[in-house]
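Respectively, the protein sequence lines represent chains Z and V.
In this text, residue positions in the first sequence follow our numbering: the first is 1, and each later residue adds one.
In this text, residue positions in the second sequence follow our numbering: the first is 301, and each later residue adds one.
These notes concern the structure reproduced below.
2 protein chains.
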Amino acid sequence: MELRHLRYFAAVAEEENVSRAALKLHVSQPGISRQIRDLEAEIGFPLFERSAKALRLTAAGKVFLTEAWEVLLHATAAVKKAREVAKGRSGEIHVGYAPSLTVQILPLLLRAFQGEFPQVRVALHDLSSEEMLTQLGSRKLQVALTVRPPAKLLRGLAFVELARYAMVVAVAPGHRLAKLKAITLAQVAPEPLIGLNRKDYPEYHAETKKLFAAIGRKPNFAEEHEGGTGIVAAVEAGRGLALVPSSLACIVGTRVKLIPLKPALPPIRMGALWLKENNAELMKKFVAAATSAGFDSKPV
Amino acid sequence: MELRHLRYFAAVAEEENVSRAALKLHVSQPGISRQIRDLEAEIGFPLFERSAKALRLTAAGKVFLTEAWEVLLHATAAVKKAREVAKGRSGEIHVGYAPSLTVQILPLLLRAFQGEFPQVRVALHDLSSEEMLTQLGSRKLQVALTVRPPAKLLRGLAFVELARYAMVVAVAPGHRLAKLKAITLAQVAPEPLIGLNRKDYPEYHAETKKLFAAIGRKPNFAEEHEGGTGIVAAVEAGRGLALVPSSLACIVGTRVKLIPLKPALPPIRMGALWLKENNAELMKKFVAAATSAGFDSKPV
DNA sequence: TTTGCGGAAATACCATGTTGCTTGCCTGAC
DNA sequence: GTCAGGCAAGCAACATGGTATTTCCGCAAA
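In structure tokens:
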């Protein structure tokens, strides 16, 4: 059974007349006749009662007619629905994000994107950098909003920078270093350091070690957390200092003090990351929305 | 687009591999490849992302896959559903009935039929004999349960008798004739006669006139009603006598007295009526149920 | 790094089957 | 008898599906 059979059948049933149906369908009358006959043979019961002059639907034919219409409409609706997705006008996009780095950008971006594509469902996933890379690869994510990965991990990935944030030192307000206008890495080195956990953020650890090695010291890691909020809480509790991006400014309020480093470290570059070979329309549109939203890209 | 395209697409999408899908579908790999390409060309967007080694569904392809499955399942379900109707195992049957004549039979018949065919919806229509005949012709009814029509109206119709009822005289209990064990037509003739209305039951009027003409009298019609219940009410109210079938016995109780005629008139033959050329399975089964239910067919 | 090799899809080309057309016949209604 | 309408037969065209072949890309070994 093919849709053609259903189309012909629906036309004949509607007209109750093969010849008129043939005109409407732009095929010959015997052609229709035979298709109907084939259909009846295949399904095993008659759809029409024949008299020499006309056809009349059988009871089964009437039922089949309503069903056939539904099938036909469903088929065209299926194409339409999928086409909307293909054009990126509807669908679903999975976006990974690093909360502490996207605190400022994400709300703006989401608002801009959803305003333009209200039919699109944006699924947000709070993931570690590590997880983002693997899930981009396995296509569970289409886009990741995170720090720019080191070049060796950028194989097959594309990245556009959306913002830069200076690295600053987070200090509890009562801490003896809290009064300073700027802090050197050497001053940080002896203090207990609060950081991200090694498992999820291996790059973070490597980078931090390198920073301190450059001045002949070692980081004094005291605690590891899963995200920025945990780190801030630990710092506020007076358990140590933390090196954090200035993007956290807007969520720490007066709970901890953020003090610039002297000399300044290279800024954190955060942006959108996606699989080069992935050419999903929605992904492109999301990235386009992110870049064109015009965020301040200078270190804060 | 044909169902074949959807079948092939679904198989390929499931296997994510054209060759395996080809094996499953028992067609060659290039055949599938081309059908998929044709489909993509027709709908205007790609369903798969091709790499030399494998296919991967696009986002639109995923959406289309679920829709395609629904279409395919719906198509087979449509056949199944219609087939059930064709076999008379489900569906709908419209049955006309004359309430006063079917009071005894109808409940038994419906119970027997619904017990055997629980999936069938029986739509009952309380109609005059006249309406039943026209609606049988126009196929609004499949079966009519009514008095046997005169031969000249039986053109194209089939009839099986289900019961016979004697014609009796309905009298109010206080009426002076109510004491009699039997009544002659001559005794009825002078009394005001309650009957069915002329418009809906022309045959009834013709027959009644003939009866009285046979004894050289004329019926003294005083009131016309639309059905047995109205007639009984009128008789009970003392407005006159009525000639009614004995089938009414079970609903009049003691409200009116039913007195046999002497000599007895030919009995009323009631039964099932249907269009000869109609060979709807359900109709046949309904008639079969009616005949095999084995109602008492002797005059009561 | 380069070079085969292997697996898988795409392409080319051909045969067959199916669709659809034309013609002609049959039936029932007017 | 004529006409409308459906059906059957025969034929042409086209689409499907098959076989053989090519291409593409990943992978392993030199």
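The beta carbon of each residue, even a glycine, is placed where N, CA and C say it ideally should be.
Shown here, V:Glu349 sits in a strand according to DSSP, grouped into three states. About 6 Å separates the beta carbons of V:Ala354 and V:Glu316, which is inside the 8 Å limit, making them a contact pair. Z:Leu265 places its beta carbon less than 8 Å from that of Z:Leu211.
Between the alpha carbons of V:Lys576 and Z:Lys87 lies a gap of roughly 58 Å. Residue range Val420 to Asp426 is occupied by the beta strand (DSSP E) that includes V:Asp426. The straight-line gap separating the alpha-carbon atoms of V:Ala522 and V:Ala482 is approximately 22 Å. In terms of Cα proximity to V:Gln487, the closest of V:Thr366, V:Val385, V:Lys562 and V:Ser319 is V:Lys562. Around Z:Val71, the beta-carbon contacts reaching into chain V at under 7 Å are Val371, His374, Ala375 and Ala378. From the beta-carbon of V:Lys584, no residue of chain Z is found nearer than 7 Å; the closest lies around 12 Å away. Not flagged as an interface residue toward chain V: Z:Val160, since no C-beta distance is shorter than 8 Å. Z:Ala68 places its beta carbon 8 Å or farther from that of Z:Ile93.
For V:Ala310, the nearest beta carbon of chain Z is not closer than 8 Å to its own beta carbon.
In this structure, Z:Leu162 keeps its C-beta atom at 8 Å or more from the C-beta atom of Z:Val95. Only residues of its own chain outside the window of five on either side were considered, and among them Leu347 have a CB closer than 7 Å to the CB of V:Phe364, listed in chain order. Secondary structure within the stretch 531-594 of chain V: the alpha helix (DSSP H) runs of 4 or more consecutive residues, fully enclosed, are 549-552 and 581-592 (chain order). With respect to V:Ala398, V:Ser429 sits close: the two C-beta atoms are nearer than 8 Å. A Cβ-Cβ separation of about 23 Å leaves Z:His175 out of contact with Z:Asn197 under the 8 Å criterion. With 16 or more other CB atoms across the displayed protein chains lying within 10 angstroms of its CB, V:Lys557 is buried. DSSP places Z:Leu72 within a helical segment (H, G or I) once states are collapsed to three. By the neighbour-count criterion, in which 16 or more other beta carbons inside 10 Å mark a residue as buried, Z:Ala213 falls on the exposed side. Secondary structure in the stretch 82-116 of chain Z: the beta strand (DSSP E) runs of 3 residues or longer, each lying completely within the stretch, are 91-97 in chain order. Between V:Lys557 and chain Z, the shortest Cβ-Cβ separation is not below 8 Å. Excluding sequence positions up to five before and after Z:Glu14, its CB lies less than 7 Å from no other CB in the same chain.
Taking a Cβ-Cβ threshold of 9 Å, none of the residues of chain Z is close to V:Phe413; the smallest such distance is about 16 Å. Under the DSSP assignment, V:Gly344 falls outside any beta strand (DSSP E); it carries neither an H nor an E label.
In this structure, DSSP gives V:Gly331 a helical state, which the three-state scheme calls helix. Following the DSSP letters along the chain, one finds Z:Arg7 inside the alpha helix (DSSP H) bounded by residues Leu3 to Glu15.
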